[in-house]
Amino acid sequence: MLKHFIRLLPLLLASFAQHGFAAARITVNAAEPGHAIPPTLWGVFFEDINHSADGGIYPELVRNRSFEDSDKLDGWRFTSLDGKSAAMVVVADGTSVLLKPLNSVNRRSLRIVADGEFALQNEGYWGMNVAQGEHYTLKFAIRVLDGFDAPIVAKLVSADGSRLLGSAELKGFSREWSYRSAELTAVGSDTRAKLVLSSRGKGTLFLDMVSLMPKKNWKHHGLRPDLAQAIHGLEPGFMRFPGGCWVEGETIDRMYNWKKTVGDIDSRIPLWNIWGYYATHGLGFHEYLQLAEDLGAEPLFDTNCGMSHKEVVPMGSMDKWVQDALDAIEYANGPTNSHWGAMRAKAGHPAPFKLKYMEIGNENGGEAYLQRWQLFAAAIRSKYPYIQLIANFWKNGYPQLPRPDVVDEHYYDTPEWFMAHANRYDKYDRKGPKIFVGEYAVTRNCGLGNLRGAIGEAAFMTGLERNSDVVCMASYAPLLVNLKHRAWNPDLINFDTANWYGLPSYYVQKLFAQNRGDVVLPTKVESGEPIPRAISGRIGVGTWNTQAEFSDIKVTSAEGKVLFASDFGTTNGWKFLGSGNWALTNGALRQTAEKEFVRAIAGDSHWTDYTLELRARKLGGREGFLILFGIQNDEDRNWWNIGGWDNTAHAIEFGEQRGRRASHVESIRWYDIRVQVHGAAVKCWLDGKLIHDVKDVVETTDRVYVTSALDRSNGDIIVKEVNTAPEPTDVELTVNGLKPANGKVKATVLSSGSARDENSIELPQHVAPKGAYFSAVGNVVRHTLPPNSLAVLRISP
């Protein structure tokens with residue numbers, strides 16, 4: 003679309019000049035520069051979620067290499083070719099001299115009692131990416147008993163096992179634990195290859211820490227090159243790590259402890275990740291610090307404050323957790339003659355990592371957090387006064403005493419919410435703490451991460467840059483997702499075993515970071531009346547940890563035309579989403595799985611101004627039922643939540659909660675439900691009683707959002723323009739204090755044919771920036787912005 007747009011640009015500009023008006027007028031005052039923009043403004047947030055570390059940027063190809071994940075052969079498959087050999091995971095408990103652990107931490111190993119030919123297979127994290135000509139280092143710990151003296155043959159084979167991609171033979175084992183290694187050179191390629199260890203012999207052998215690592219890595223520090231480079235391309239000013247909810251954990255015994263992630267790989271303690279898998283800690287505290295350094299980013303460590311999701315460490319036991327935070331600073335910055343500084347030096351980095359930022363907790367609040375904040379702040383400021391302390395902003399509050407240097411705020415919502423809140427910090431108290439927008443992303447009405455979501459974020463980011471005298475840092479979240487384990491949607495960088503792609507949001511982040519500038523320039527924007535938004539989309543029903551039935555569904559237009567009706571004689575026209583158990587029963591649609599986020603949707607995404615009527619009843623479970631409306635994408639969460647929050651309240655959820663009121667639903671009883679959508683307004687009735695009457699479910703937004711900056715290195719004026727409208731917008735840009743050289747202005751434009759367009763592994767740059775040139779007459783640049791677009795203009799003197 004953009005190519006056609008650029009070809010038509012002269013005609014558009016001619017028409018623009020002929021009519022003599024602009025849908026948007028932008029005035030930049032280059033003669034009166036404002037505040038400096040901090041180099042830390044745009045950064046990244048690395049949380050171990052979605053297999054972003056193991057199975058992601060940490061390139062270990064073997065899954066469950068230490069056999070510590072469970073007492074079963076998780077990730078492995080053992081085959082006895084003649085049926086006489088057997089294998090099992092064993093745990094050294096100190097009672098048997100035969101079950102010697104590899105070390106005091108790694109107490110599980112694989113015992114194979116061999117009698118003939120056997121094979122042990124591992125397919126890694128949904129396959130191993132093996133590329134012809136590349137080299138792979140195999141390493142494992144082994145001890146043998148009962149006369150086992152046969153060699154072990156290591157093979158890389160294709161996904162179907164038909165092709166040999168590489169091999170090596172290892173032999174000469176002893177009764178004591180020792181490591182053996184070999185290099186395998188790939189003679190073929192497969193993105194879903196497998197590792198097979200086979201042998202033929204008699205006796206007993208124990209295996210542990212079976213590792214297969216690509217020799218090629220990023221900057222010689224052991225990370226997957228393409229993913230690390232994708233992050234590097236964002237030019238982050240800082241890197242927050244390692245979480246996120248991963249820092250808290252579900253319970254105390256599963257809270258993140260950095261001390262268990264440093265030192266020798268085989269002595270690091272795997273931990274169950276709150277996002278549904280074991281973390282090996284191959285990407286540990288040291289590796290995070292090294293990654294930040296290699297990215298040229300300031301490290302920002304988020305330390306656990308003694309609070310998990312479900313449990314809190316008693317105040318009388320908090321000394322250990324406070325000391326852990328102090329020791330983390332010593333590890334990062336301490337001299338090599340200190341205990342933790344010496345460990346850092348032993349790991350290959352005698353120079354300090356220059357850690358300056360530490361966050362205390364993640365999304366914690368309430369009195370328990372305030373008490374613990376005081377402990378951490380007092381101890382850290384006493385010993386390391388140069389550390390910038392970041393506090394959580396949670397449930398409309400943050401600690402006041404002692405005052406934090408920075409407060410971390412998190413936002414997830416619709417594109418329109420982010421547009422409408424671009425001015426959020428315009429009137430923020432300049433005498434208060436600085437702001438770190440540590441997590442933000444459009445997570446509703448954005449599919450798997452479409453252009454519209456990216457444009458919403460871009461509009462919001464203009465406000466962050468404009469207010470960067472108080473907003474010192476901001477980072478999108480989450481950063482990475484393995485496409486085989488999506489625990490969150492959307493995610494900035496998506497990958498499989500061999501390839502990756504960035505969302506349209508990735509390019510928004512990249513364009514803002516690459517064009518940050520040094521000083522904000524005063525900018526005035528006139529773009530007419532705000533754009534009214536209307537609710538549009540399909541309808542549906544759903545449950546959340548509940549069993550329910552639905553019947554007699556009908557959708558009627560404002561003119562009285564029946565758009566959709568179902569008596570549930572069939573499921574034609576319905577799309578089922580989530581882990582539900584749906585069935586047709588006596589003219590009703592029944593859902594009996596007590597799972598979260600279970601839905602069935604129907605209708606047309608273009609529907610507006612309609613009334614949805616149906617009957618519903620709760621059969622069992624914790625909550626009531628969900629009545630969906632305005633559904634554009636499968637992941638949308640736009641609904642009337644009836645009996646939500648453990649059956650304590652009703653509310654409309656469309657980005658934000660609206661009209662929440664205490665109530666509940668009774669089990670087995672049928673309810674008559676009516677939802678009327680008109681423009682941006684929603685009315686909801688239950689058994690004929692009006693429960694909600696919300697006027698502005700969808701935010702009203704400006705047409706154009708703008709921020710401007712000066713690049714002192716070359717004198718460029720950088721203007722970032724965001725068009726949120728569904729149609730092109732003519733712009734008249736006036737730059738006071740500068741005339742463009744040669745009458746040409748270089749621009750980079752992010753747009754696409756549809757606001758719903760997304761990228762994918764197959765089409766990684768379906769939505770990506772493209773270059774353009776705009777003409778200037780004097781100090782005025784007239785141009786046209788495509789619908790739903792971000793344009794970055796660099797005006798050179």
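Numbering (my numbering), first residue to last: 3 to 799.
By construction, the Cβ of each residue, glycine as well, lies at the ideal position given by its N, Cα and C atoms.
Reduced DSSP category for residue i - H, G, I as helix; E, B as strand; rest coil
i, result
"Gln549", "strand"
"Asn744", "helix"
"Thr572", "coil"
"His652", "strand"
"Asn335", "helix"
"Thr263", "helix"
"Tyr508", "helix"
"Lys685", "strand"
"Trp323", "helix"
"Ser191", "coil"
"Glu418", "helix"
"Leu291", "helix"
"Phe462", "helix"
"Pro799", "coil"
"Ser384", "helix"
"Phe23", "Caution applies to Phe23, whose pLDDT of 42 falls short of 50 and renders its modelled position unreliable; the value that the coordinates give is listed next. Of the three classes helix, strand and coil, the one that applies to Phe23 here is coil, per DSSP."
"Ala456", "helix"
"Leu229", "helix"
"Ala595", "coil"
"Lys221", "helix"
"Ser529", "coil"
"Cys247", "helix"
"Gly542", "strand"
"His241", "With the sequence shown as reference, residue 241 is identified as Met, and His is not the correct amino acid for it. Residue state, collapsed to three classes: strand."
Through-space distance from residue j to residue i, alpha-carbon basis
i, j, result
"Thr42", "Ile233", "15 Å"
"Asp802", "Val408", "Only positions 3 to 799 of the chain appear in the structure, and residue 802 is not among them; the question remains open."
"Asn744", "Phe355", "46 Å"
"Leu302", "Ala230", "18 Å"
"Ala380", "Lys261", "22 Å"
"Pro238", "Pro40", "12 Å"
"Ala143", "Phe208", "8 Å"
"Glu637", "Gly780", "48 Å"
"Gly174", "His351", "35 Å"
"Lys2", "Pro401", "The requested residue 2 does not occur in the structure, where the chain is confined to residues 3 to 799."
"Gly434", "Asp50", "32 Å"
"Glu441", "Cys474", "13 Å"
"Ala536", "Gly455", "17 Å"
"Thr338", "Ala353", "8 Å"
"Asp493", "Pro216", "25 Å"
"Arg79", "Asp266", "27 Å"
"Asp415", "Lys722", "22 Å"
"Pro771", "Leu357", "34 Å"
"Pro272", "Ile254", "15 Å"
"Thr548", "Phe627", "7 Å"
"Leu740", "Lys748", "15 Å"
"Phe287", "Gly224", "14 Å"
"Leu565", "Glu467", "45 Å"
"Leu4", "Gln767", "Model confidence at Leu4 stands at a pLDDT of 37, short of 50, so the residue's coordinates are unreliable; what they give is reported in the following sentence. Computed Cα separation, rounded: 13 Å."
"Ala811", "Met421", "Residue 811 is absent from the model: the chain starts at 3 and stops at 799."
CB-CB length for residue i against residue j, believed under 8 Å
i, j, result
"Ala25", "Thr525", "Incorrect: roughly 17 Å between the Cβ atoms, too far for contact."
"Ala156", "Leu186", "7 Å"
"Leu523", "Ala711", "6 Å"
"Leu451", "Ser507", "The amino acid at residue 451 is misidentified as Leu; the sequence shows Gly. Contact flag correct, Cβ pair sits at about 6 Å."
"Val249", "Asn394", "At roughly 11 Å, the Cβ-Cβ gap does not stay under 8 Å, so Val249 and Asn394 are not in contact."
Chain-order list of residues whose beta-carbon lies under 7 Å from that of residue i (same chain, five-residue window excluded)
i, result
"Val189", "Gln134, Leu167 and Gly168"
"Leu586", "Phe570 and Thr573"
"Val737", "Val30, Ala32, Ile719, Asn781 and Ile797"
"Gln390", "Lys358, Tyr359, Asp407 and Val408"
8 Å Cβ shell around residue i - same chain, five flanking residues per side excluded
i, result
"Arg705", "Ala25, Ala26, Ser529, Gly530, Pro532, Ile533, Asn725, Thr726, Ala727 and Thr731"
"Arg165", "Val159, Gly190 and Asp192"
Check: residue i C-beta below 7 Å from any heavy atom of the ligand NAD
i, result
"Ile495", "Inclusion of the ligand NAD in the displayed structure is not the case, the ligand content being empty and no account of it being possible."
Close beta carbons around residue i, own chain, < 6 Å, minus the five adjacent residues each side
i, result
"Pro543", "In the sequence on display, residue 543 carries Val and not Pro. Phe552 and Ala602, listed in sequence order."
"Asn517", "Ile720 and Val794"
What beta strand (DSSP E) runs, 3 residues minimum, are completely inside the stretch 67-131? Counting only runs of at least 3 residues, the stretch 67-131 fully encloses the following beta strand (DSSP E) elements, listed from N- to C-terminal order: 78-82, 88-93 and 110-124.
Could you pull out every unbroken alpha helix (DSSP H) segment of at least 4 residues lying fully inside the stretch 694-764, listed in chain order? The alpha helix (DSSP H) runs of length 4 or more contained entirely in the stretch 694-764 do not exist; there are none.
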